[in-house]
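Chemist:
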Amino acid sequence: MASPAVTPPGLPPPVVAASALVVRRGGQVILDGLTFTIASRRVTGLLGPSGCGKTTLMRALVGVQMISAGQVELLGLPAGAASLRHRVGYATQDPAVYTDLTLAENLRYFGTVLGLARPRLADAIARTVAELDLGGLENRLVGTFSGGQLARVGLAVALLGQPDLLVLDEPTVGLDPVLRRDLWAMFHRLAATGTSLLVSSHVMDEAARCDYLLFMRGGRFLAAATPQEMLARTGAADLESAFLSLASRSEPVRL
Amino acid sequence: MTAAAGQAAAPIRWTLTWATARRVLAQLRHDPRTITMMIAVPTMLMILLRYVLDDPVALDRFAPEFIGVFPFVVMFIVAAVTTQRERARGTLERLMAMPLGKLDLLLGYAIAFGVVACAQVGVVLAVSLTWLGVHLSGSVVPLVVVAVLDALLGMSLGLFASAFARTEFQAVQFMPAFVLPQVLLCGIVVARDQMTPLLRWLSDVLPMSYAVDAMQQISTGASWSSPVTKDIGVILGFTAAALIGGALTLRRRTR
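Line by line, the protein sequences give chains A and B.
In terms of numbering that gives the first Met the number 0, the first sequence has 238 at position 239, counting the first letter as 1, and numbering is strictly consecutive.
In terms of numbering that gives the first Met the number 0, the second sequence has 210 at position 211, counting the first letter as 1, and numbering is strictly consecutive.
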């Protein structure tokens with residue numbers, strides 16, 4: 000079912016290549032033999048209902064989830080390789096930042112951990128603060144931030160080191176529509192300047208904003224294609240219907 | 000299984016260790032109530048001890064032993080809860096996906112808590128030797144050194160114990176479970192050579208016995224004698240073992 004994305008000739012090699020990736024947890028199969036690639040300099044959307052394995056897949060990519068079988072390579076290296084830790088930015092669903100530190104203290108600490116030294120560190124902090132519209136909040140405790148601000152702090156940390164690949168787990172959940180639009184614009188700006196992004200979402204209206212889609216359900220991919228191909232293939236009017244149509248077609252397979 | 004990949008021990012990078020120590024101290028600075036309690040509680044307990052005993056001879060005997068115990072206990076709890084929180088909030092996972100070594104993190108904690116331990120011991124000793132009128136036969140310097148090492152021992156055991164706590168509540172429960180038996184067996188309540196063989200053996204394998212023994216020796220004028228240096232060696236050994244044990248329990252990958 001899951002057709003791996005083929006890199007058209009002339010494009011840079013994919014940033015992620017996985018084959019027959021399986022993750023089992025407590026006897027349960029979470030990821031069921033995924034084979035796929037993620038193209039360079041694109042915004043790839045990982046779409047699917049909550050509980051379908053999106054987060055586990057992302058954790059496997061950034062190397063914090065043990066893999067039961069199969070292989071994953073990022074930027075030509077096995078997932079979790081030490082040298083990837085500079086090059087892959089990861090933002091978890093719950094913004095994993097220190098709520099008892101100020102924004103500036105958080106960014107300074109994570110920036111230092113990423114190997115940024117003084118002048119570059121200050122530049123990186125100024126850049127991400129501006130990019131995520133967090134200006135003026137630098138000296139406030141992150142614990143006093145609103146949900147939307149907090150989510151952006153998590154993103155800011157992921158962006159700090161200007162990674163080659165950004166793995167963002169539901170970065171726009173609970174954000175107001177204006178902010179969501181701005182973030183998606185930023186994702187495309189980053190892709191245009193050479194960053195590859197994998198962005199997960201369970202909201203289908205965000206699927207249309209992606210260059211390429213991985214539709215996921217029950218630990219498997221229903222389809223992997225561009226939004227246009229997805230619509231053409233299913234004959235659906237919108238991506239939500241396309242997802243439903245693909246899900247119903249694959250139903251007997253998964254049971 | 001690719002679990003072992005990328006787990007090779009990296010050399011300690013002091014920039015990251017320092018950054019971590021500064022971050023932990025900044026977190027404490029934003030929580031003045033905790034820091035006040037960390038500094039004040041051992042001193043308060045000493046004052047209480049002075050009036051409970053109400054006997055200068057008994058106080059001279061017990062005070063140094065308790066100076067070895069109180070900071071140990073406080074540090075154990077603080078370290079256990081802080082690291083448990085780091086796990087629960089996802090910041091540990093984020094750091095493990097970043098180029099931070101496990102020892103960078105643990106030594107950063109050790110330095111930060113070491114600074115607090117110095118303040119803690121400094122205050123409790125100053126109050127004990129002046130206001131409470133504790134009289135030492137030996138010199139103060141080894142007493143300070145051993146008391147700070149005791150606090151660091153408590154910290155490293157707390158870091159290690161936190162690996163086995165799933166919640167903050169459990170982490171706090173480890174205090175009575177891990178620490179109070181040591182208080183009973185360390186030779187304060189009953190002299191170690193009057194214990195039954197089994198209890199004596201238990202006392203011999205528990206680190207606090209050496210902490211209290213060293214304080215006893217020093218307070219009776221032993222200074223840097225060989226029993227004291229032997230005790231210090233054992234304390235340092237337990238501290239190092241607990242830190243290494245802590246590093247082993249910090250997993251980059253989870254199942």
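Each residue gets a CB set at the ideal place from its N, CA and C atoms; glycine is no exception.
(1) For A:Glu175, tell me which candidate among A:Glu137, A:Glu130 and A:Gly147 has the shortest Cα-Cα distance.
(2) Can you tell me the Cα-Cα spacing of A:Arg253 and A:Ala224, whole angstroms?
(3) Determine contact between the stretch 59–75 of chain B and the stretch 126–146 of chain B, defined as no fewer than three beta-carbon pairs at a distance below 8 Å.
(4) Locate the beta strand (DSSP E) running through A:Val42, then write down its first and last residues.
(5) By alpha-carbon positions, which one of B:Val189, B:Arg191, B:Leu158 and B:Val188 ends up nearest to B:Phe177?
(6) Ordered along the chain, which non-local residues of its own chain (more than five positions away) have a Cβ less than 8 Å from that of B:Asp192?
(7) Just checking: is the beta-carbon of B:Thr90 within a distance shorter than 7 Å of some beta-carbon in chain A?
(8) Judging by CA-CA distance, which residue of B:Thr81, B:Thr228, B:Phe163 and B:Ser222 is the nearest neighbour of B:Ile34?
(9) With a threshold of 7 Å between beta carbons, is B:Leu135 in contact with chain A?
(10) Per DSSP, A:Val72 is paired with what?
(11) Identify, in the order they occur along the chain, each residue of the same chain with its Cβ nearer than 6 Å to the Cβ of B:Leu27, setting aside the five sequence neighbours on each side.
(12) A:Arg119 by DSSP, collapsed to three states: which one?
(13) Mind pulling the chain A residues with CB within less than 8 Å of B:Gln26?
(14) Are the C-beta atoms of A:Tyr89 and some chain B residue less than 7 Å apart?
(15) Going by the CB atoms, is the gap between A:Leu56 and A:Gly206 shorter than 7 Å?
(16) Could you tell me how far apart the beta carbons of A:Asn105 and A:Val112 are, in whole angstroms, since I believe they sit closer than 8 Å?
(17) Ordered along the chain, which non-local residues of its own chain (more than five positions away) have a Cβ less than 6 Å from that of A:Arg219?
(18) What is the DSSP secondary structure of B:Gly236, reduced to helix, strand or coil?
(19) If you measure from the beta carbon of A:Asp93 to each beta carbon in chain B, is any gap under 7 Å?
(20) What is the residue span of the beta strand (DSSP E) that A:Asp31 lies within?
(21) Can you tell me the Cα-Cα spacing of A:Arg208 and A:Arg188, whole angstroms?
(22) Which residues, taken in chain order from the stretch 129–147 of chain A, show a beta carbon closer than 7 Å to some beta carbon of chain B?
(23) Let me confirm a value: A:Ile37 is counted as buried when at least 16 other C-beta atoms fall within 10 Å, else exposed. Which label applies?
(24) Can you find a CB in chain B that lies within less than 7 Å of the CB of A:Thr111?
(25) Pick out the complete alpha helix (DSSP H) segments inside the stretch 95–133 of chain B, 4 residues or longer, and give them in chain order.
(26) Mind checking A:Asp204: buried by the 16 CB within 10 Å criterion, or exposed?
(27) Indicate whether B:Arg22 and A:Tyr211 have their beta-carbon atoms separated by less than 7 Å.
(28) Compare the C-beta of A:Val28 with all C-beta atoms of chain B and state if any pair is closer than 7 Å.
(29) Which of the residues in the stretch 54–79 of chain A, read from start to end, lie with their CB under 7 Å from any CB of chain B?
(30) Residues of chain B with CB closer than 8 Å to the CB of A:Glu104, please, in chain order.
Modeler: The short version:
(1) Checking the sequence shown, residue 175 of chain A turns out to be Asp, not Glu. The residue with the shortest Cα to Cα distance from A:Asp175 is A:Gly147.
(2) Below a pLDDT of 50, predicted positions are generally treated as unreliable, and A:Arg253, at 40, falls in that range; the measurement from the model is reported next regardless. Rounded to the nearest angstrom, the two C-alpha atoms are 20 Å apart.
(3) yes
(4) Val42 to Leu46
(5) B:Leu158
(6) Arg199
(7) yes
(8) B:Thr81
(9) no
(10) The sequence as given places Glu at residue 72 of chain A; Val does not occur at that position. Note: A:Glu72 sits in a beta bridge opposite A:Ala16 and A:Pro77.
(11) Ile34
(12) helix
(13) Tyr97, Asp99 and Leu100
(14) yes
(15) Note that residue 206 of chain A is Ala in the sequence shown, not Gly. No.
(16) 11 Å between Cβ atoms; not a contact.
(17) Asp31
(18) helix
(19) yes
(20) Gln27 to Ile37
(21) 13 Å
(22) Leu140
(23) buried
(24) yes
(25) 101–128
(26) exposed
(27) no
(28) no
(29) Val61, Gly62, Val63, Gln64, Met65, Ile66, Pro77 and Gly79
(30) Arg22 and Ala25
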